[in-house]
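Comments concern the structure below.
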Amino acid sequence: EAGVVQSPRYKIIEKKQPVAFWCNPISGHNTLYWYRQNLGQGPELLIRYENEEAVDDSQLPKDRFSAERLKGVDSTLKIQPAELGDSAVYLCASSLAPGTTYTEAFFGQGTRLTVV
Amino acid sequence: SQKIEQNSEALNIQEGKTATLTCNYTNYSPAYLQWYRQDPGRGPVFLLLIRENEKEKRKERLKVTFDTTLKQSLFHITASQPADSATYLCALPLGGYNKLIFGAGTRLAVHP
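Chains A and B supply the protein sequences, listed in that same order. Reminder that position 84 of the first sequence reads as 236 in the numbering used here, one-by-one numbering, no gaps. Reminder that position 37 of the second sequence reads as 42 in the numbering used here, one-by-one numbering, no gaps.
Pasting the structure below:
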């Protein structure tokens, strides 16, 4: 079975331009996460979905970041406009819903964003 | 505020020795704690989960302990190999059963 799939793998854009990342989670996983990881740091949670609902977006810079998860499956994360400080790796992860035994998160390979 | 702390300095050990990594947390009582491995250019990969009522968990050469009084987890790799070289992250559910928050990770280098 395919794991979490993210695209694109790499993206280079000029500042003030928009950018979007796409994530396809593991089939049957209700919980979807977007994390941002800076070099030498751990993943920082941006937003968490339970099915279609964003249940935790307190860390998402809402002035420029937006996310959606249509039909509770695929998700996109958008930045508009991008700033130099947004350069990082954006990771998508999915897991089974709360209350199950297996709560580990499965990560995609990430999208490395470079803003120039 | 709630914090997760892992040794920021890289851990260098000789092949065959036991590597021990530390994860400390403050101002929280998590229901469980997880450890992940991350290789350069890849997403983290789940290794072990230990629940608050478990003192120790083992999987092959890996062992995790969880001391809820000290608010600390130790992650051990016995008979370490160069292939174990990676960054190891601990993660806790903060503020929600499925809200996973990660530490900064500790880089482990195993030398032949």
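In this text, a Cβ means the ideal position worked out from N, Cα and C, and glycines have one as well. Please read all numbers here as calculations on a predicted model, not as lab measurements.
Next item on the list: Tell me where the beta strand (DSSP E) around Gln261(A) begins and ends.
Entry: Numbered from its first residue, the first sequence carries residue 261(A) at position 109. The continuous stretches of beta strand (DSSP E) do not include Gln261(A), and DSSP gives it neither H nor E.
Check: Per DSSP, what kind of secondary structure is Leu75(B) in: helix, strand or coil?
Finding: The sequence position of residue 75(B) within the second sequence is 70, counting from 1. Taken through DSSP and simplified to helix, strand or coil, Leu75(B) comes out as coil.
Checklist line | Val115(B) to Thr74(B) span [Cα, whole Å] | finding: The sequence position of residue 115(B) within the second sequence is 110, counting from 1. The sequence position of residue 74(B) within the second sequence is 69, counting from 1. So the alpha carbons of these two residues sit roughly 31 Å apart.
Next item on the list: Pick helix, strand or coil for Ala91(B), following the three-state DSSP scheme.
Entry: Working through the second sequence from its first residue, we reach residue 91(B) at position 86. Three-state DSSP puts Ala91(B) in a strand.
Next item on the list: Compare the Cα-Cα distances from Gln261(A) to each of Thr255(A), Gly237(A), Cys244(A) and report the closest residue.
Entry: The count along the first sequence starts at 1 and reaches residue 261(A) at position 109. Of Thr255(A), Gly237(A), Cys244(A), the residue nearest in Cα terms is Cys244(A).
Checklist line | Cβ-based contacts, 8 Å cut-off: residues of the segment 182-214 of chain A near chain B | finding: Under the 8 Å Cβ criterion, the segment 182-214 of chain A contributes Thr183, Tyr185, Tyr187, Gly192, Gln193, Gly194, Pro195, Glu196, Leu197, Arg200, Glu202, Val207, Asp208.
Next item on the list: Tell me, to the nearest whole angstrom, how far the beta carbon of Leu99(B) is from that of Pro49(B); I am working on the premise that it is less than 8 Å.
Entry: Working through the second sequence from its first residue, we reach residue 99(B) at position 94. Working through the second sequence from its first residue, we reach residue 49(B) at position 44. Going by Cβ atoms, the distance from Leu99(B) to Pro49(B) rounds to 17 Å, so no, they are not a contact pair.
Next item on the list: Counting only the same chain and skipping the five closest in sequence on each side, list residues whose C-beta sits under 8 Å from that of Pro35(B).
Entry: Stepping through the second sequence from its first residue, residue 35(B) is reached at position 30. Only Glu57, Leu97, Pro98, Leu99 meet the Cβ criterion.
Check: So which residues on chain B does Thr228(A) lean against when the C-beta distance must stay under 9 Å?
Finding: For the purposes of this step, residue 228(A) is taken as the residue at position 76 of the first sequence. Within chain B, no residue comes near Thr228(A); the closest Cβ sits about 18 Å away, beyond 9 Å.
Next item on the list: Starting from the beta carbon of Lys64(B), find every residue of chain A whose beta carbon is closer than 7 Å, and list them in chain order.
Entry: What you label residue 64(B) is simply residue 59 of the second sequence in a count that begins at 1. The contacting residues do not exist; Lys64(B) stays about 12 Å from chain A at best.
Check: Any contact of the segment 205-212 of chain A with the segment 17-25 of chain B, i.e. 3+ C-beta pairs under 8 Å?
Finding: Short answer: they don't touch.
Next item on the list: Count the other CB atoms, across all protein chains shown, that sit within 10 Å of the CB of Asp44(B); report buried if there are 16 or more and exposed otherwise.
Entry: What you label residue 44(B) is simply residue 39 of the second sequence in a count that begins at 1. Classification of Asp44(B): exposed, given that the 10 Å Cβ count is below 16.
Notebook entry, point to check: Looking at the C-beta of Ala109(B), does it have a partner C-beta in chain A at a distance below 9 Å?
Noted result: To locate residue 109(B), count along the second sequence from 1; it is residue 104. Ala109(B) has a beta carbon lying within less than 9 Å of a beta carbon in chain A.
Checklist line | For Asn29(B): DSSP bridge partner residues | finding: Mapped onto the second sequence, residue 29(B) falls at position 24. Glu10(B), Gln77(B).
Margin query: Using 8 Å as the cut-off, can you tell me whether the segment 167-179 of chain A makes contact with the segment 224-231 of chain A, which would need three or more C-beta pairs spanning the two stretches below that distance?
Written below: Contact between the segment 167-179 of chain A and the segment 224-231 of chain A is present, because at least three Cβ pairs lie under 8 Å.
Next item on the list: Over the uninterrupted beta strand (DSSP E) stretch that includes Glu202(A), give me the two end residues.
Entry: Position 50 of the first sequence, counted from the start, is the residue given in the question as residue 202(A). Here the beta strand (DSSP E) through Glu202(A) covers 196-202.
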